[in-house]
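Sequential numbering of the sequence shown, starting at 1, is according to the UniProt record's numbering. Every residue, glycine too, gets a C-beta built ideally from N, C-alpha and C. Computed from a predicted structure; not experimentally measured. A short write-up of the structure that comes next.
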Amino acid sequence: MLQCFLRSSKTVTTVPRSLTSLINPSFLLFYSSSPNPPPNQRQPSPSPIASPTRVLKLISAQSDPLLAKEIFDIATTQPGFRHSYSSFLVLILKLGRSKHFSLVDDLLVRLKSDQYRVTPTLFSYLIKIYAEADLPEKALSVFYKMLEFNVKPLPRHLNRILELLVSHRNFIMPAFDLFKTAHKYEKEELWMLLRFLRICLQMGVCLIWFLIGLWLEGYVIKGCLMRLKSIWRKCCQKGFRHIFRFLML
Numbered sequence: 001m002l003q004c005f006l007r008s009s010k011t012v013t014t015v016p017r018s019l020t021s022l023i024n025p026s027f028l029l030f031y032s033s034s035p036n037p038p039p040n041q042r043q044p045s046p047s048p049i050a051s052p053t054r055v056l057k058l059i060s061a062q063s064d065p066l067l068a069k070e071i072f073d074i075a076t077t078q079p080g081f082r083h084s085y086s087s088f089l090v091l092i093l094k095l096g097r098s099k100h101f102s103l104v105d106d107l108l109v110r111l112k113s114d115q116y117r118v119t120p121t122l123f124s125y126l127i128k129i130y131a132e133a134d135l136p137e138k139a140l141s142v143f144y145k146m147l148e149f150n151v152k153p154l155p156r157h158l159n160r161i162l163e164l165l166v167s168h169r170n171f172i173m174p175a176f177d178l179f180k181t182a183h184k185y186e187k188e189e190l191w192m193l194l195r196f197l198r199i200c201l202q203m204g205v206c207l208i209w210f211l212i213g214l215w216l217e218g219y220v221i222k223g224c225l226m227r228l229k230s231i232w233r234k235c236c237q238k239g240f241r242h243i244f245r246f247l248m249l
């Protein structure tokens, strides 16, 4: 029986193992395996099976952030596919917490170029990530990135960034510049000023020189002048320890 099979004139064709390795299993995620239609029948272009919701679930389920990024990129190659904003958010947080900051920057660029509507929550997480990584320059860049997305900075954004900047003496002046810019976005300007002064005291920054800088810069908030004079007198008369208690009132 075996000899007859070997003598058969029919040729048995086998698929080399090397070719099977070229088939990407993820390709099957997006395209169906339906049989080919007759040649004379018009076949529409294949449509992706995986929806943005499905891709979001796959990304969220991955513990490896780089594998999650690969899933994100594969989905992007499908014609007409558009990721949900939630997929961007989840992936950015995964990459940021694993310190793949360059990939985070790339995704932010895509969010901007693809005109996604970005929420303040994204920047809150990014500021927290950069603060925990002790990267004041990256945290400061988040503030200006918010302005590019037309997102109004919230008090919690400003507080966290200022606390991080003031904790690094090399970033005292950038913190001061940020404070002067921040009053445009914070209605409770007096509260914002006192908050910044408290941060300076907590971090050991010289309050006197900060106040001098305020006046030299001509930065006088309406309704705050008497308060500043009172702080100045307290600072000169009782010292910094008492000023801290005074500002906490």
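Inter-residue spacing [alpha-carbon to alpha-carbon] between Ala-175 and Ala-139 = Their Cα atoms are separated by approximately 11 Å.
Where does Asn-159 sit, in a helix, a strand or coil, going by DSSP?
Three-state result, Asn-159: helix.
On the DSSP letters alone, give me the boundaries of the alpha helix (DSSP H) that Ala-75 sits inside. 65-76 is the extent of the alpha helix (DSSP H) around Ala-75.
Report task. List the endpoints of the continuous alpha helix (DSSP H) containing Gly-96. Result -> Per DSSP, Gly-96 is one residue of the alpha helix (DSSP H) stretching across 85-97.
Exercise. Look at the alpha carbon of Ala-133 and the alpha carbon of Leu-126, and state the distance between them as a whole number of angstroms.
Key: Looking at the two C-alpha atoms, the distance is approximately 11 Å.
Beta-carbon within less than 7 Å of Val-151's beta-carbon, same chain only, minus the 5 sequence neighbours each way: which residues are those?
Excluding sequence neighbours, Val-151 sits near Val-118, Pro-120 and Phe-123.
What are the boundary residues of the alpha helix (DSSP H) that includes Ala-50? No alpha helix (DSSP H) holds Ala-50; DSSP gives it neither H nor E.
* Asked: Would Arg-169 be called buried (16 or more neighbouring beta carbons within 10 Å of its own) or exposed?
  -> Exposed.
* To do: List the endpoints of the continuous alpha helix (DSSP H) containing Arg-117.
  => Element bounds for Arg-117: n/a, residue is neither H nor E.
Notebook entry, point to check: If you draw a straight line from the alpha carbon of Leu-178 to that of Tyr-130, how long is it in whole angstroms?
Noted result: In a straight line, the C-alpha of Leu-178 is about 17 Å away from that of Tyr-130.
Can you list, in chain order, the residues of its chain with a C-beta nearer than 7 Å to that of Ser-60? Leave out the 5 residues immediately preceding and following it. Contacts found: Val-90.
Worksheet entry | Beta-carbon contacts of Asp-64 that lie in its chain and below 7 Å, excluding the five residues immediately before and after | Apart from sequence neighbours up to five positions away, no residue of its chain approaches Asp-64 with a beta-carbon distance below 7 Å.
Review point. Phe-101 lies in the alpha helix (DSSP H); which residues open and close that run?
Key: Note, Phe-101: alpha helix (DSSP H), 101-113.
Would DSSP call Ala-133 helix, strand or coil?
DSSP places Ala-133 in coil when its eight states are reduced to three.
Expressed to the nearest angstrom, what Euclidean distance is found between the alpha-carbon atoms of Glu-108 and Leu-147?
In the sequence as presented, Glu is not what sits at residue 108; that position holds Leu. Distance between the alpha carbons of Leu-108 and Leu-147: 13 Å.
Exercise for the section: Using 10 angstroms around the beta-carbon of Gly-80, count the other beta-carbons present and answer buried if the total reaches 16, otherwise exposed. Expected result: Per the 10 Å Cβ criterion, exposed.
Q. Going by Cα to Cα distance, which pick from Ala-75, Pro-153, Ala-50 and Phe-149 is closest to Gln-115?
A. Of the candidates Ala-75, Pro-153, Ala-50 and Phe-149, the one whose C-alpha sits nearest the C-alpha of Gln-115 is Phe-149.
Under the three-state DSSP convention, the category Pro-153 falls into | Of the three classes helix, strand and coil, the one that applies to Pro-153 here is coil, per DSSP.
| said: Please tell me whether Ala-50 and Ala-68 are closer than 8 Å, where the distance is taken between their beta carbons. | reply: Ala-50 places its beta carbon 8 Å or farther from that of Ala-68.
Where Leu-158 falls, given that 16 or more other Cβ within 10 Å makes a residue buried: Buried: at least 16 other Cβ atoms inside 10 Å.
- Query: Looking only at C-alpha atoms, which of Leu-154, Ser-167, Asp-73 and Ser-98 sits nearest to Ser-87?
  - Reply: Answer by Cα proximity: Asp-73.
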